[in-house]
Each structure stands twice: as structure tokens, then as C-alpha cells.
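Structure first, commentary second.
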Amino acid sequence: MSAALDETERAESIRMIRDSAAAVAPPGGDLKRVRSLRFQDPGFDPGLVRQMGEMGWIGLRVPEAQGGAGLGMGEMCALAEEMGAALVPEPLIPCALSAGLLAALGGAGPLAHLLAGEMVVLTAWQERADTLEVPGNPDAPRKFLPMAAGADMFLLPVREGGRIALYEQLAARADVTIERTQDGGNLGTLRPNPGDAKRLADDVGEALAQALDEAALVTGAYLLGGMERAFAMTLDYLRTRSQFGKIIGTFQALQHRAADLKMQIALTRASIEAAAATLDAGATGDARRAAVSRAKARAAEASMLVTRQCIQLHGGIGYTDDYDVGLYLRKAMVLANQYGSATLHRRRFMAVAPETEE
Amino acid sequence: MSAVTIPAPAELDSLDDEDFRLVVRRFLAENYPEELRNPPKRLHWSENQGWYFKLAEKGWLCPGWPKEHGGLGLSPTKQIILTEEYERHGVARTNDHGIVMLGPLVIKYGTEEQKQRFLPKILTGEHIWCQGYSEPNAGSDLAALRTEAVLDGDHYVVNGQKTWTTLATDANWIFLLVRTDKNAKKQEGISFLLVDMQTPGITVRPIINLEMHDEFCEVFFDNVRVPKENLVGQLNKGWDMAKALLGFERIFIGSPRQSAYALSRLKILAERMGVWEDLEFQDRYARLRLELEDLKALYGVYVSKLKRGESLGPDVSMLKIIQTELFQSITDTMLEVGGENAGLLEPMEGNRDLNIGGLYIQARPATIYGGSNEIQRNILSKNVLGLPG
Ligand SMILES: Cc1cc2nc3c(=O)[nH]c(=O)nc-3n(C[C@H](O)[C@H](O)[C@H](O)COP(=O)(O)OP(=O)(O)OC[C@H]3O[C@@H](n4cnc5c(N)ncnc54)[C@H](O)[C@@H]3O)c2cc1C
Numbered sequence: 001m002s003a004a005l006d007e008t009e010r011a012e013s014i015r016m017i018r019d020s021a022a023a024v025a026p027p028g029g030d031l032k033r034v035r036s037l038r039f040q041d042p043g044f045d046p047g048l049v050r051q052m053g054e055m056g057w058i059g060l061r062v063p064e065a066q067g068g069a070g071l072g073m074g075e076m077c078a079l080a081e082e083m084g085a086a087l088v089p090e091p092l093i094p095c096a097l098s099a100g101l102l103a104a105l106g107g108a109g110p111l112a113h114l115l116a117g118e119m120v121v122l123t124a125w126q127e128r129a130d131t132l133e134v135p136g137n138p139d140a141p142r143k144f145l146p147m148a149a150g151a152d153m154f155l156l157p158v159r160e161g162g163r164i165a166l167y168e169q170l171a172a173r174a175d176v177t178i179e180r181t182q183d184g185g186n187l188g189t190l191r192p193n194p195g196d197a198k199r200l201a202d203d204v205g206e207a208l209a210q211a212l213d214e215a216a217l218v219t220g221a222y223l224l225g226g227m228e229r230a231f232a233m234t235l236d237y238l239r240t241r242s243q244f245g246k247i248i249g250t251f252q253a254l255q256h257r258a259a260d261l262k263m264q265i266a267l268t269r270a271s272i273e274a275a276a277a278t279l280d281a282g283a284t285g286d287a288r289r290a291a292v293s294r295a296k297a298r299a300a301e302a303s304m305l306v307t308r309q310c311i312q313l314h315g316g317i318g319y320t321d322d323y324d325v326g327l328y329l330r331k332a333m334v335l336a337n338q339y340g341s342a343t344l345h346r347r348r349f350m351a352v353a354p355e356t357e358e
Numbered sequence: 001m002s003a004v005t006i007p008a009p010a011e012l013d014s015l016d017d018e019d020f021r022l023v024v025r026r027f028l029a030e031n032y033p034e035e036l037r038n039p040p041k042r043l044h045w046s047e048n049q050g051w052y053f054k055l056a057e058k059g060w061l062c063p064g065w066p067k068e069h070g071g072l073g074l075s076p077t078k079q080i081i082l083t084e085e086y087e088r089h090g091v092a093r094t095n096d097h098g099i100v101m102l103g104p105l106v107i108k109y110g111t112e113e114q115k116q117r118f119l120p121k122i123l124t125g126e127h128i129w130c131q132g133y134s135e136p137n138a139g140s141d142l143a144a145l146r147t148e149a150v151l152d153g154d155h156y157v158v159n160g161q162k163t164w165t166t167l168a169t170d171a172n173w174i175f176l177l178v179r180t181d182k183n184a185k186k187q188e189g190i191s192f193l194l195v196d197m198q199t200p201g202i203t204v205r206p207i208i209n210l211e212m213h214d215e216f217c218e219v220f221f222d223n224v225r226v227p228k229e230n231l232v233g234q235l236n237k238g239w240d241m242a243k244a245l246l247g248f249e250r251i252f253i254g255s256p257r258q259s260a261y262a263l264s265r266l267k268i269l270a271e272r273m274g275v276w277e278d279l280e281f282q283d284r285y286a287r288l289r290l291e292l293e294d295l296k297a298l299y300g301v302y303v304s305k306l307k308r309g310e311s312l313g314p315d316v317s318m319l320k321i322i323q324t325e326l327f328q329s330i331t332d333t334m335l336e337v338g339g340e341n342a343g344l345l346e347p348m349e350g351n352r353d354l355n356i357g358g359l360y361i362q363a364r365p366a367t368i369y370g371g372s373n374e375i376q377r378n379i380l381s382k383n384v385l386g387l388p389g
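Quick mapping for you: the protein sequence lines, in order, are chains E and Z.
For the first sequence, the positions run 1 to 358 when my numbering is used.
For the second sequence, the positions run 1 to 389 when my numbering is used.
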């Protein structure tokens, strides 16, 4: 599969994915659609999820034999970056996580519907904030389910002895409460009803760990796309706004600030791309965890810093809801800690990364 | 606690500091409306006027004003204690532009007639003020302002636009910087004008801010006639007063209030998230706490100067920078510690004391308003350090 591609083929494949992203996030497009979906239920357009399914995005990582596109993390991260630049709210990342999980089980349950974008399937793995662990207590409420207001089905990992079994539960019959998020989307809490759940698999422990790692990295890529776009808007502003009879971009204090932000963005890109390449080269276990944690820690922190500074560099207008740069700050507030905060990932990195030789 | 009795306002300043603290606690316990504790957003006049009137009725409205003008004339230490106790109790900000900005300005530069006319009405809550300085093209470069006032008989006729005017929809008076001489150097043709917002020709349009709150506004002036006697100070000498007022604003923004509140939230959050005992967290918290303690000490230095009747130099910019950046670091830490809760729109777990995202967003503009921190650093390097350029 993907790992077999040589460097030029890989670059071409990534370019094609970026081009195809234009179908959903046209270059130079505005954020009208994104704004119109904010703070509404379900917070995204199910029709667009279907379109994403048709374009093969939800199953981008799923092997072709199981109905996916069989592409690598390089492609998935490039796609997420384009989505992040346009603040696309559709739950591509959580759906891809569920698809990865079901594919690892040999195509169980609703995989086909999920890949087609006909069903939004969310994996309800999380029992507390800021964790990547899956305790899997059968009755514990599962929290922070992204865009749960539009979910059709939940996958429920449940610990049984030393293993984690997987169940599916239809959203229509589930007990879910919804809280709105700063970006205009929502997070759900699911109170599982084991009696009403259908068993899909006996042990998904390792598959889930891998799917969560991939989701963390892809979220980092989405944040990268967002910070790049917010930064570009800010550079435009620095080039046009004038005060004291001068373009504000001529003030050295602001030039240096912009240069500092550029460095953070460059480090984030390098880290994300390196991690994607590591995963595409087949890294597993601690090597995979270290690469992902490094990238997500950087992306989380840089995205918060960059979006904050973008507001600052705009002055008053940056603090209005009408002006788009604030939407990137709000998105970073929601995604920076999803699939692990910077602190969590730094700790995990230190726990799993081999020490470099002197 | 009920052992302490609350003395008359004029006697508060002579209390021993620790007794004063107990008096403030009792005062708040008895008078502050429970439902207004720790509001997630800045309150509008319709929500906080009860508290304003209560303070007015008790004579507690203006802690920093001299007693002869109806203030409490509190010592710097007591003003800090008051701030601390207000924060501890979760007291909301009132519509305080008259109290912290216009009042002190009128006390310093107003005529006797203006003092008689305007100060009592701040004290009773009859006049609620807003600040009309910034314009679309005059933000950091405030002296580039273009809203003009032309003398016509006994009135100035005002035309132009102000923007980012905080709580203008709540205010019935606005203090304006206006251009009164288009030919002079830009700082030398500016005057300071007090305008009744009921005057025909004024339109206020709220702007939704990043908190999704209609807090600041655009204010348009179309041939607005303002009586001549509403000019404060001398014609075309408004810039110096405006700068003095910015000094009051900077010391107000530099007060430890916002940071102290945010730090108390960070502690609650850390406990809730189970990281309070964590050594790495303790170190981060200690850094922020020490920053706050030192900020309080520095704040005390400036408040003492004011109390001695000295005017504040450009170095007060330090206070503004330190406070606002501390406020931001604390809320940044909250965002990092809060996990997925940080992205919620409403307070976490239905606990209205803990709106991580709301506080994070609220902290953003603190480095922009009152003169951006870049401008404050320019002032420090040029006017305090005397660096060339
Ligand atoms: C929440 C909020 C409330 C406010 N309330 C009021 C109010 O009640 N009344 C009122 O009159 N105004 C109010 N303001 C306006 C505020 O004073 C201005 O926003 C501020 O002065 C900055 O001006 P600006 O927005 O035009 O930004 P600009 O001046 O355009 O600044 C844009 C960026 O350029 C930087 N910059 C500008 N010049 C320089 C320089 N020489 N060197 C280095 N950097 C520079 C700024 O620091 C900023 O980062 C409020 C603003 C906010 C955000």
C-alpha cells in the first residue's frame, strides 16, 4: 500500500488530494457556509458528509479491499490541513477514526455506510477530559463526542477482562446530551445502555490505540491549516492597515512578531510531516506514539499562540465576531486539546521516546 | 464576622487595614446580589444597575475619589484590599467609565461649575458615561482623529464617527475627543467635549465581539449640537487631558483585579481536573501567583503616587503591560489545563464560576484596549528609557 510509493509518487498523490479538497474548500472561498452552520444543530451539513464519502475521504486510510482509498497519513494530513484552512466543520476526523477501527476488525458493522458518508459514526471512547486512555467501563458516561448532535451511531468500547470489546449503539435510541462549543459546533455526552448495544468485536484495544493516534495527528494537521490561513490573513492586514502615516507592517516590533509566528508554523509543519512519514513507513508502538505526540504537542501550542497573536496584530477589529480571524482562534480553542493536550502529549513523548545518543 | 460594624463612608479610611477588610466582607455579604456573583460576561446596565444604586446609596461608589467630592478617599493599601475582596466575592464590574475615568478628569481639570454639574450625577447613577476616543482610522494613532466640532454661536456642531465604544448602548453621556482646529499640528487641534447622548443626530450601533456579546459599539454624529460650556479645559488643549485620562485608564487596567480573579479560577479548575497536587502544575501556578503578588506591590507604588497628588509618568505603562499579560498567561494556562472543557461555550459542568473559554476570550483584548501593549512598549522605550528614534 501507501508505504510502497516512492517520493515523487507520494508528492503527486498529496498534490491530488489537496486539489480535490477544493470541492469542499475552494481556494479564496469565504466562510459564509461555515458561519451559517455555527451554533445550530447539528453544526454541520450531512449532505457534505455524503459528498466527502463519495470522494473517498472518510475511508482515505482504509485499505482498498475494504472499500477505502488505501492512502497514507501524508495524504490524510494534507487533506485535513485544507479542511482546517477553510474551517470545515463536518466531522471528518472522528468519522475517519471510526472507519479505521471498523476496518481493522475486517469491515464490521456499519463500515460501508460510514465510508459512503451515509452515516455519521462516532467512537465513544472517552470517560474524562484530556486522556488517550480507554478505560471502557460499561456504564460510564462517554464524554466529548465531537458533533454528536448529528451522530447516527456510536461505537462503544467496553472493557471485558483484559480485552476491550466493541459494541454499536444507534444514536436514535441513545441517551445523549449536547453542549455547544466555542467554534459553533458541539460535544456530546453519551450514557451507554449496554442492553441496547450490539456486539461487533471481541478485542479492539490495539486498533483503537492506533486510530486515536492517527486522529491526534490529523487534528494537528487541521490546526496547521487553520493557523497558516489565519497568519496569511494577518500578513495581509499588516500590509494594508496604516497608523501614524505608515503601513503597520513597517513597524519592526510587528515584523519580529510575524517572524516568530512563521517559525512556529514552520516547526509545526516539519513535525506533522515527519510524523506522517514515520507512520507511513510503518512505525508502530512507541515509535508511532512518540512521533504523534511530538507533532500534536507542537500543533496544539503553536495554534493557540498563532491565533492569539493574529487577534493582537489586528487590534480592535480582530476582536469582532464579524471579522474571520476570530473564528480560527475559536477553532483552536476546541481542537488544541482534542485527542490529547500539549501537556499530555509532552508527557507521553517523554515516557515513550528513546533518549537520543550523546 | 457579624461582630464588625460598618462605619460611615467618611470613616472607612481611618480603620485599621485588617478591620477594613472585615468591613468590606461584611458589606458585600449584606449588600451584593447573590445572582450577580462571577458573571460570565460583562454585565449591561439593565443587569447591574441595582448594584450601582446600592453602592451609590451606601456612599461606596467611588473609593479613589477624594472625600470632598463624595469619594471614600481610601489609602492605596485599602484600595487594594477593596479590589481583593471584590474579586474574592465575585463582584461584577459596573458601568464605571464615569467613576474611573471621567470623574477623576473633571476633578483635575473641570471648572467649579462642571464639578457641581457632573460629579454628583455620577455619584447618583443619573449619568452613565462611555468613552469616545477611537475612530476607524485613529486607534493606536489616536491623534489622527477626525471627528470634528465647529463652533456655531453657543454650540459646537459635531460630525464624525467613533468606534469600539464600550457599553455605549447603556450610556447617556459620552466624553469625546474632537478636532477643533484642522490646521494645527495634529495633537494641537484636539479638544475634550462632554455630550448628552439624547442630543439629536447621534446613532449608536452595537458590534458583536468575540465573546458573542454586544459590548462595544459604533457611534455616529450627524450635526450634533453641543453647548459650548461642555468643553473641558481649554480649546485645542484636549490632548494633554486625554493623555492624563489614559494614565487613569492604565492604572485601572493595571490593577490586579482581572489577574486575581483569573488565578482564583485556575485554582478551582486545577482541583476539578485533578492536577492541583501535580508538582509541575504547582510550579506553573507558583510562577503566576508570584507574578500577581509582585504586580500588587508595584500597583501599590502607583496608587501611593496618586494619593500624594503626584501625576503619573509614562512609566505607568509597565503596570498596564504586566497586568494584562499576566491575565492572559493565566487564562492560557486554564486553556491548557482544561482539556476538552476549554472549548465549551457555556460554563463547565454547569458551574457558572468556571467558564474557561469565556475567560480566555475575555483576556484577549486587554492587550489591545487602553493603548495596545505594543504602543505601551514604544512609550517605555522612548519616553522612559530615552532610547533614540
Ligand atoms: C474590547 C475593547 C474595548 C474598547 N473600548 C473602547 C472605548 O470604550 N472607547 C474607545 O475610545 N476605544 C475603545 N477601544 C479601542 C482601543 O483603544 C483600540 O482598539 C486600540 O487603541 C488599538 O487601535 P486599533 O484597534 O485601531 O488598532 P491599530 O492601531 O490599527 O493596531 C493594529 C496593530 O498594530 C499595532 N501597532 C500600531 N501602531 C504601532 C506602532 N507604532 N508600533 C508597533 N505596533 C503598532 C497595534 O499594537 C496592533 O497590534 C476598545 C478596544 C477593544 C478591543
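The beta carbon of each residue, even a glycine, is placed where N, CA and C say it ideally should be.
Non-local beta-carbon contacts of E:Arg294 in its own chain, meaning distances under 7 Å to residues more than five positions away in sequence, involve Ser271, Ala275 and Phe349 in chain order. At a cut-off of 4 residues, the continuous stretches assigned as alpha helix (DSSP H) that sit fully inside the stretch 227–256 of chain Z are 238–253. For the set Z:Gln258, Z:Ala366 and Z:Phe20, the Cα lying nearest the Cα of Z:Leu72 is the one of Z:Phe20.
Non-local beta-carbon contacts of Z:Ala262 in its own chain, meaning distances under 8 Å to residues more than five positions away in sequence, involve Phe327, Ile330, Thr331, Met334, Leu359 and Ala363 in chain order. Contact between the stretch 105–119 of chain Z and the stretch 136–150 of chain Z is not established, with fewer than three Cβ pairs separated by less than 8 Å.
Taking a Cβ-Cβ cut-off of 9 Å, E:Gly84 has no neighbours in chain Z, whose nearest Cβ is about 15 Å from it. For Z:Tyr133, the closest alpha carbon among the candidates Z:Thr163, Z:Val150 and Z:Val23 is that of Z:Thr163.
By the neighbour-count definition (other C-beta atoms within 10 Å, threshold 16), Z:Val232 is a buried residue. Listed in chain order, the positions of the stretch 325–345 of chain Z with a beta carbon within less than 9 Å of a beta carbon of chain E are Gln328, Asp332, Leu335, Glu336, Val337, Gly338, Gly339, Glu340, Asn341, Ala342, Gly343, Leu344 and Leu345.
At a cut-off of 7 Å between beta carbons, E:Ser98 makes no contact with chain Z.
Per DSSP, the beta bridge partners of Z:Cys130 are Z:Ile174. Per DSSP, E:Arg346 lies in no beta strand (DSSP E) segment; the continuous alpha helix (DSSP H) that holds it begins and ends at Ala342 to Val352. Looking only at E:Gly74, E:Ala230, E:Val121 and E:Gly53, the smallest Cα-Cα distance to E:Ile17 is reached by E:Gly74. With 16 or more other CB atoms across the displayed protein chains lying within 10 angstroms of its CB, Z:Val303 is buried.
Our two residues, Z:Trp60 and Z:Gly98, have alpha carbons roughly 14 Å apart in a direct line. Interface flag for Z:Asn351 against chain E is unset, since no Cβ pair is found closer than 7 Å. Taken in chain order, the members of the stretch 341–353 of chain E whose beta-carbon sits within less than 7 Å of a beta-carbon on chain Z are Ser341, Ala342 and Thr343. For E:Ala353, the closest alpha carbon among the candidates E:Val292, E:Gly53 and E:Val24 is that of E:Val292. By alpha-carbon distance to Z:Ile207, the top candidate from E:Met153, E:Thr8 and E:Tyr319 is E:Tyr319. Z:Pro40 does not reach chain E, its nearest Cβ partner there being about 13 Å away, counting only Cβ pairs nearer than 8 Å.
For Z:Tyr52 and Z:Val226, the gap between their C-alpha atoms comes out near 28 Å.
Taking a cut-off of 8 Å on C-beta distances, the stretch 201–220 of chain Z touches the stretch 38–48 of chain Z, as three or more cross pairs fall below it. Close to E:Glu133, with beta-carbon spacing below 7 Å, lies no residue of chain Z; the smallest spacing is near 13 Å. Against E:Thr284, chain Z offers no close residue; the least beta-carbon distance is about 27 Å (beta-carbon pairs closer than 8 Å).
A distance below 6 Å between beta-carbons, with the five flanking residues on each side excluded, links E:Met233 to the following residues of its chain, in chain order: Val325. Assignment of beta strand (DSSP E) within the stretch 136–200 of chain E, counting only whole runs of 3 or more residues, yields 142–146, 153–160, 163–170, 175–180 and 186–191 in chain order.
E:Asp286 sits exposed, since fewer than 16 C-beta atoms from the chains shown fall within 10 Å of its C-beta. Under the DSSP assignment, Z:Ser191 falls in the beta strand (DSSP E) whose first and last residues are Ile190 to Asp196.
Z:Thr166 and E:Gly225 have their alpha carbons spaced roughly 34 Å apart. Judged by pairs of C-beta atoms under 8 Å, the stretch 170–178 of chain E touches the stretch 144–154 of chain E, as three or more such pairs exist.
For Z:Val158, the enclosing beta strand (DSSP E) has its first and last residue at His155 to Thr166. Secondary structure at Z:Thr124: helix, using DSSP grouped into helix, strand and coil. Under the DSSP definition of a beta bridge, E:Asp30 lacks any partner. The Cβ-Cβ distance between E:Met333 and E:Gln126 does not fall below 7 Å. Proximity of chain Z to E:Asp321 at the Cβ level (cut-off 7 Å) is accounted for by Ile208, Asn209, Leu210 and Met212, in chain order. Residues of chain Z with a Cβ closer than 7 Å to the Cβ of E:Gly326 are, in chain order, Leu210.
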